[in-house]
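What follows is one structure encoded as structure tokens, with my remarks underneath.
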Amino acid sequence: MRGRRGSDRWAIAVVAAALGVAAAWLAALALVLLLAPINLDQPISVADLGDWAWRWGRLLAVLLAAAASLGPAPVAAPALVARQAGWALVVLVALASVAGLLAVVAVRLHLWGRDWGLPSPSGYGARLAAVGAAEVLGLPLAWLLALGLWRRRQPRP
Amino acid sequence: MKGFWIGKRTCGLDRAVRVLAVALVLASLLNGLPFWMRRVGLIDRTAYAQELATYCRTPRQSWWLPRSCEPYRRLPNQRYEGIDSNRLYQFSPLETPLKGFKYGVMAGLLLGSIVLALSRWSTPMPWRRLLPVVPLLVSLLVSVAISLQADGLELTLRCLPALLWIPLIPLAGWLTPPRRLQVLADALAVLVVLQLPFVLLETMRGLPMRFGGLPSPWLAGRLAGLLTLPNSLGVLVLVAAAFCTSVSQRRWQRWPLLLASLALVLVARSGTGLVGLGVLMVGLVGETLGHRLSPRRRRMAVAALVAGALTVAGVLMAGPRGPRALPQVLPKVLGRPSLFHSPLGRLKNVGDWITQPMPRQERLWGYGVTAGGSLAAAVQGNDPAHVEATDALPLLLLAQGGLVALASFYGLVLWCLIRDQGSRLFWAVLVLASLTMNITEVFPLGLVLAVMAARSLGLGSGGDGPGPGPGKTSGGHQVESLDPGDINAKRG
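Residue numbers (the working numbering), protein chains in the order written: chain A, 16 to 172; chain B, -12 to 479.
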């Protein structure tokens, strides 16, 4: 990987950016599919998740592209970048699911959502928690993944 | 040249473990997928709609989403008595190979391990270390003989797949080098994480099955994910978490996996899972303290930990006066008044079985492999007149192999507990889980048990003892247990 030309760095950066946006969109799509069955009391807006995917997708793209190509270290292999983007997808969906399940438990215990006045508080709670987790965890997750990618490029002593 | 060839074979074995890991995840998914799809209405939609319609009439309507009921109110026939659970468990001929794939994986692994053992016949075998497994193997042989005599060859052969984990123990040494255990641990972690989105969907769409006779006002009171029973889900994630924390060298993996396991156990409402995860977490905190603190501070920390746990338990047990008293919270979390009913409730049945009058031969050696198990019950048409499925491993062992099988299994576990310090938590959790269901029939827990037993007995290591757990060091250096192929490859 050492001695790659500048054009290679550009190519890797573009591929990393595209994968970052794709990962965010796929995560949003997975969340829409997961949360679609509770589009009943207060339908979830696909546009909201689309906005979310675009916002975090751009950030993830910039971070991955920078982590994959900037600096004197050899550029990252495309497979490594793809793996990192795949991690972003899996971790986001898993965290959103965990948040949704814990919200169901919280609603069952009447720790949350007693005053919502909805016939399906657990479903609504699951939706709120899953989307909230995706929103809140997007930034730190993107930073962590980019940092991991950048560190793996550094030559080891 | 010889070293090169052995080196290539070792590399081939690593690849075989990766294939096994993929097959393990795939078989687990395929095993539960049709059942899950039926529960959430992705297949067999008409029956799903009819069953859901039961929950669309007052007063149940207020418990579920009214708008979701609208399409079902227009169904012509409104005479629904309740959920037909048996229908959900019946699978079409097309689905049979999907469910049978897990037995194919186990049989393939056993055959491959036999071939590998035969190809290494010249390598000295650690015969002495195999001794703790011998009683269990003898018990299996006697049970097979009893079944052959009583039920014939065909029925015996059809019931055997659930017991393949026993002959696998002495042959599974090749799976125990740390890097191969790591591959298996990763596969189990993937299996746990994969359950999450499926369970979340089931939370929203799953039919309200009344597992254990517990009435549930929620659409899906207890969730089973890609397993067939909620308790199976709880026990699977518990044992998988214990396996990963015992053998995985990725320490970052521990707490995220435990968090995912906790979420799954809570929605599965598995009492055993919850108690087991508590034991696992306390054990891990203790282990971490043990590594980082001096002996004096460790004692103080343990005392503080115990005092804190007792205080919290005291507050929780304070009854109606407590802020979130355990007696109030538990029925909502688990759907039962007592946390310990799930893990300890079956012990009375074990006592009854042991004390009931019966011929000495049956008491000692059981009724054979065609008795007791879920698979045995399924192949005999789930007819209680033929065989009644047991719901705890001690009962299963007593039914199939009598007191000898029971003593052999728990003797082996005790031996592993004493011998292998690195996996004590795993064995403790396994014993707890075994009290609540036939864990060896839940795929892939039989395989996990066999591999872990081989590791704890030291069947795959080149040294004198069992392979070390993660972070276990010897003389300040990381110790890696090697199988004979590895040793020869290094020498070559």
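Yeah, the Cβ is synthetic: ideal placement off N, Cα and C, and Gly gets one too.
Item, Value
"Applying a beta-carbon distance threshold of less than 7 angstroms, which residues of chain A neighbour Val186 (chain B)?", "Leu116"
"Under 8 angstroms Cβ to Cβ from Gly277 (chain B), same chain only, skipping five residues before and after it: list those, please.", "Arg285"
"Evaluate the contact criterion for the region 148 to 162 of chain A versus the region 98 to 106 of chain A: three or more CB pairs, one atom per stretch, below 8 angstroms.", "yes"
"Can you tell me where the alpha helix (DSSP H) with Phe230 (chain B) in it begins and where it stops?", "Pro217 to Val234"
"Please classify Pro53 (chain B): is it buried, with 16 or more other beta-carbons within 10 angstroms of its beta-carbon, or exposed?", "Residue confidence is low: Pro53 (chain B) scores 41 on pLDDT, short of 50, so the model does not pin down where it sits. Its coordinate-derived value is still stated next. That one is exposed."
"Could you work out which residues of chain A lie near Leu246 (chain B), taking near to mean beta carbons separated by less than 7 angstroms?", "Val113"
"Start and end of the alpha helix (DSSP H) containing Asp31 (chain B)?", "Looking at the DSSP string, Asp31 (chain B) is not in any alpha helix (DSSP H), and its letter there is neither H nor E."
"Please report the residue range of the alpha helix (DSSP H) in which Arg352 (chain B) lies.", "Note that residue 352 (chain B) corresponds to Trp in the displayed sequence, not to Arg. Note, Trp352 (chain B): alpha helix (DSSP H), Arg347 to Trp352."
"Distance check for Val170 (chain B) and Phe413 (chain B), CA to CA, integer angstroms please.", "17 angstroms"
"Considering only C-alpha positions, which residue in the set B:Gly295, B:Leu267 and B:Leu187 is nearest to Ala250 (chain B)?", "B:Leu187"
"Report all residues from its chain with a CB closer than 6 angstroms to the CB of Asp31 (chain B); omit the five preceding and five following residues, and keep chain order.", "Arg25"
"Applying the 10 Å Cβ sphere with the 16-neighbour rule, what's the burial state of Ser233 (chain B)?", "buried"
"Determine which residues of the region 139 to 166 of chain A have a Cβ less than 8 angstroms from any Cβ of chain B, and write them out in chain order.", "Ala141 and Ala145"
"State yes or no: is the beta carbon of Leu183 (chain B) nearer than 7 angstroms to at least one beta carbon in chain A?", "yes"
"Is the Cβ of Val131 (chain B) closer than 7 angstroms to any Cβ of chain A?", "no"
"Any idea what DSSP makes of Ser60 (chain A), helix, strand or coil?", "coil"
"Would you decide whether Leu116 (chain A) is buried or exposed? Buried here means 16 or more other CB atoms lie within 10 Å of its CB.", "buried"
"By DSSP, does Gly360 (chain B) sit in helix, in strand, or in coil?", "coil"
"Nearest chain A C-beta to Thr504 (chain B) closer than 7 angstroms, yes or no?", "With chain B covering -12 to 479 only, the question about residue 504 (chain B) has no answer from this structure."
"Tell me which residues of the region 34 to 47 of chain A have at least one Cβ-Cβ distance to chain B shorter than 9 angstroms, keeping chain order.", "Ala45"
"Hey, out of B:Ala376, B:Leu151 and B:Ser134, whose CA is closest to Leu98 (chain B)'s CA?", "B:Leu151"
"Can you name the start and end residues of the alpha helix (DSSP H) that Phe88 (chain B) belongs to?", "Thr83 to Ser106"
"Kindly say whether Ala31 (chain A), judged by its beta-carbon, lies nearer than 7 angstroms to any beta-carbon of chain B.", "no"
"Taking contact to mean at least 3 C-beta pairs separated by less than 8 angstroms, is the region 135 to 147 of chain A in contact with the region 25 to 36 of chain A?", "no"
"Going straight from the alpha carbon of Glu38 (chain B) to that of Met191 (chain B), what length do you get?", "15 angstroms"
"For the region 246 to 261 of chain B, list every residue whose C-beta sits within 9 angstroms of some C-beta in chain A, in sequence order.", "Leu246, Ala247, Leu249, Ala250, Leu251, Leu253 and Val254"
"Note down, in chain order, all residues in the region 57 to 91 of chain A with a beta-carbon under 9 angstroms from any beta-carbon belonging to chain B.", "none"
"Any C-beta of chain B within less than 7 angstroms: which residues of the region 118 to 129 of chain A qualify?", "Val119, Val120, Arg123 and Leu124"
"Does the beta carbon of Ser281 (chain B) fall short of 6 angstroms from some heavy atom of the ligand FAD?", "The ligand FAD is absent from the structure shown, which contains no ligands of any kind."
"Going along chain A in order, which residues have a C-beta closer than 9 angstroms to the C-beta of Val12 (chain B)?", "Near Val12 (chain B) there are no residues of chain A at all, since even the closest Cβ is about 14 angstroms away, more than 9 angstroms."
"How about the region 351 to 364 of chain B and the region 399 to 410 of chain B: do they share at least three Cβ pairs that are nearer than 8 angstroms?", "no"
"For the region 219 to 238 of chain B against the region 413 to 425 of chain B, are there 3 or more C-beta pairs whose distance is under 8 angstroms?", "yes"
"Cβ closer than 9 angstroms: which chain A residues qualify as neighbours of Met424 (chain B)?", "By Cβ distance, chain A contributes nothing, its closest Cβ being about 22 angstroms from Met424 (chain B), past 9 angstroms."
"Check whether the Cβ of Asn54 (chain A) lies closer than 7 angstroms to any Cβ atom in chain B.", "Its pLDDT being 49, under 50, Asn54 (chain A) is placed unreliably by the model, and the measurement read from it follows with that caveat. So, not an interface residue."
"Compare the Cα-Cα distances from Cys146 (chain B) to each of B:Val356, B:Leu390, B:Leu432 and B:Val289 and report the closest residue.", "B:Val356"
"Excluding the 5 residues preceding and the 5 following Arg5 (chain B) in the sequence, name in chain order all residues of the same chain whose CB lies nearer than 7 angstroms to its CB.", "Val170"
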